[in-house]
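Per this note's numbering, the sequence shown starts with residue 1, numbered consecutively. For glycine and all other residues, C-beta sits at the position ideal for the given N, C-alpha and C.
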Amino acid sequence: MIVDKIKINLPSEIDTLKTVVMCLANPVNISSVFTQGSIDIPLFYQLWYNRLNPFFDYKKVHIQQQVLIDILIENGVQVLFADQISGCSTQHYTRDVGFAIDDVFFVASPRRNYRRRELAGIEDLLSTFTKVSYVDDGVIEGGDVIVDDKYIIVGLGEETNKKGIDCLKDKMSEENIDREIVTLGFSHRGVIHLDTKFNIPAKGVGFIHPKSFDSKSLKWLESKFDLIEATDQEMRNIEINTFSLSPTKVVMQVQSTRLAALLEKRGVEVIFVDYSEVLKLPGSFRCTTLPIERVIN
Numbered sequence: 001m002i003v004d005k006i007k008i009n010l011p012s013e014i015d016t017l018k019t020v021v022m023c024l025a026n027p028v029n030i031s032s033v034f035t036q037g038s039i040d041i042p043l044f045y046q047l048w049y050n051r052l053n054p055f056f057d058y059k060k061v062h063i064q065q066q067v068l069i070d071i072l073i074e075n076g077v078q079v080l081f082a083d084q085i086s087g088c089s090t091q092h093y094t095r096d097v098g099f100a101i102d103d104v105f106f107v108a109s110p111r112r113n114y115r116r117r118e119l120a121g122i123e124d125l126l127s128t129f130t131k132v133s134y135v136d137d138g139v140i141e142g143g144d145v146i147v148d149d150k151y152i153i154v155g156l157g158e159e160t161n162k163k164g165i166d167c168l169k170d171k172m173s174e175e176n177i178d179r180e181i182v183t184l185g186f187s188h189r190g191v192i193h194l195d196t197k198f199n200i201p202a203k204g205v206g207f208i209h210p211k212s213f214d215s216k217s218l219k220w221l222e223s224k225f226d227l228i229e230a231t232d233q234e235m236r237n238i239e240i241n242t243f244s245l246s247p248t249k250v251v252m253q254v255q256s257t258r259l260a261a262l263l264e265k266r267g268v269e270v271i272f273v274d275y276s277e278v279l280k281l282p283g284s285f286r287c288t289t290l291p292i293e294r295v296i297n
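Below is the structure:
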């Protein structure tokens with residue numbers, strides 16, 4: 001059987017979305033964390049600095065995901081689904097299993113055993129992608145990788161290390177992707193992913209929690225973006241983790257009225273969605289979406 005190839009094309013985070021990969025949440029299975037040997041020091045830091053509630057209602061998550069899926073379809077987006085892997089309670093956060101840069105899809109290298117199992121959910125899709133590369137040294141996850149029109153911004157934290165970033169540089173070179181990688185450092189441990197502390201909702205605009213970054217990284221971000229600062233409470237609510245449908249349209253949480261108003265002043269339309277059950281683990285719109293095709297209008 002001839003399978004039509006799915007074109008990988010992602011020039012930036014905010015270009016018009018055409019194709020995205022999602023996965024409906026699996027039932028909660030806390031035992032998988034223990035059996036896969038993922039109880040470690042970084043997890044305790046993440047528990048300290050974030051509000052984690054692993055006992056989410058996956059059926060409610062499905063309902064909230066479906067609202068987002070309907071919005072995507074209404075906006076002309078093709079929604080593909082990863083195969084659900086039994087026992088993977090975090091699989092609906094599809095962002096972390098990989099990321100597209102220009103015309104290549106890079107398969108991530110998760111640090112935790114139970115997250116590595118999630119890679120099996122996209123195996124069938126990978127066979128249909130036009131270009132695939134594997135980050136096969138070190139660790140790196142998609143939540144730490146943000147694609148700007150000029151830079152590839154990568155967070156160096158609990159789930160992405162220097163070896164993983166160096167491997168990504170090598171793989172990009174092999175694929176003739178001539179992009180500068182900028183590595184950002186954090187001011188403390190326990191950062192789940194970069195996109196919970198910094199995100200690009202619109203061209204040249206960044207949502208940020210400044211206290212989460214070291215001084216060098218913060219200075220770089222201030223020099224490159226029109227930054228909208230999130231409060232401590234907004235950061236803990238994962239309100240930075242928005243998702244752009246186009247350069248002028250962004251999905252945000254229903255409680256993000258302050259941040260949304262500041263974005264609307266910059267000419268961006270905001271679509272509000274209740275994602276309260278999804279947030280419990282935590283993660284939000286960017287976490288649960290894996291864009292593989294965006295186009296420049």
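Per-residue DSSP class, three states only, for residue i
i    : result
S246 : strand
A120 : helix
P210 : helix
R286 : coil
V278 : helix
T94  : helix
E293 : strand
N9   : strand
I146 : strand
F44  : Any reading at F44 must be qualified, since the residue scores a pLDDT of 46, below 50, and its modelled position is unreliable; the value itself is stated next. In the structure shown, F44 sits in a helix (DSSP, three-state: H, G or I).
I192 : coil
A100 : strand
Q84  : coil
E234 : helix
E229 : strand
I352 : Not covered by the structure: residue 352. The range shown for the chain is 1 to 297.
Contact set for residue i: own chain, Cβ-Cβ below 7 Å, skip 5 residues either direction
i    : result
I85  : Q91, R117, E118, A120, G121
V79  : V20, M22, I69, L72, I73
T160 : V139, I140, E141, D144, V154
R286 : R95, D195, N199, N241, T242, F243
S284 : I238, N241, Q253, Y275, V278
Burial state of residue i, where buried means 16 or more other Cβ atoms lie within 10 Å
i    : result
F272 : exposed
D195 : buried
N26  : buried
F44  : Note on F44: pLDDT 46, under 50, position unreliable in the model; the coordinate value appears next. Exposed is the call here.
Q65  : buried
Q233 : exposed
N9   : buried
E13  : buried
T231 : exposed
S127 : exposed
I238 : buried
V147 : buried
L162 : Strictly speaking, residue 162 in this sequence is Lys, with Leu absent from that position. Its Cβ having fewer than 16 others within 10 Å, K162 is exposed.
L17  : buried
P291 : buried
R258 : exposed
I171 : Reading the sequence as shown, one finds Lys at residue 171 and not Ile. K171 should be labelled buried.
C-beta neighbour in chain D for residue i, strict 8 Å
i    : result
Q253 : Given the protein chain composition of this structure (a single chain), no chain D is represented.
Span of the beta strand (DSSP E), counted from its first residue to its last, around residue i
i    : result
Y134 : 132–134
K150 : It is not in any beta strand (DSSP E) - K150 carries neither H nor E in the DSSP assignment.
V182 : 180–185
Q78  : 78–81
E269 : 269–273
K18  : 16–22
F299 : Residue coverage of the chain in this structure runs from 1 to 297, which leaves residue 299 outside it and unanswerable.
Own chain residues within Cβ distance below 6 Å of residue i, not counting five before or after
i    : result
G185 : L156, D214, S217
V250 : P201, T242, S244, V268, V270
D226 : G204, V205
R111 : V139, E159
V107 : G98, Y134
H193 : G143, D144
H209 : K197, A230, M235
A260 : M252, V270
D83  : G121
Residues near residue i in its chain [Cβ-Cβ closer than 8 Å; skip 5 each side]
i    : result
L262 : I228
Y151 : R179, E180, I181, V182, K224
F81  : V21, M22, C23, L24
E222 : none
W220 : V182, L184
E264 : V270
D136 : S109, C167
H62  : L24, A25
L279 : N237, I238, Q253
K60  : E277
T248 : A202, G267, V268, E269
Span of the alpha helix (DSSP H), counted from its first residue to its last, around residue i
i    : result
L221 : 215–224
V61  : 58–74
A202 : Segment 198–202 is the beta strand (DSSP E) holding A202; no alpha helix (DSSP H) there.
E300 : Only positions 1 to 297 of the chain appear in the structure, and residue 300 is not among them; the question remains open.
T258 : Reading the sequence as shown, one finds Arg at residue 258 and not Thr. 257–264 is the span of the alpha helix (DSSP H), which, as asked, contains R258.
>> Check whether the region 96–106 and the region 129–139 are in contact - that is, three or more C-beta pairs closer than 8 Å.
In response: Segments in contact, yes.
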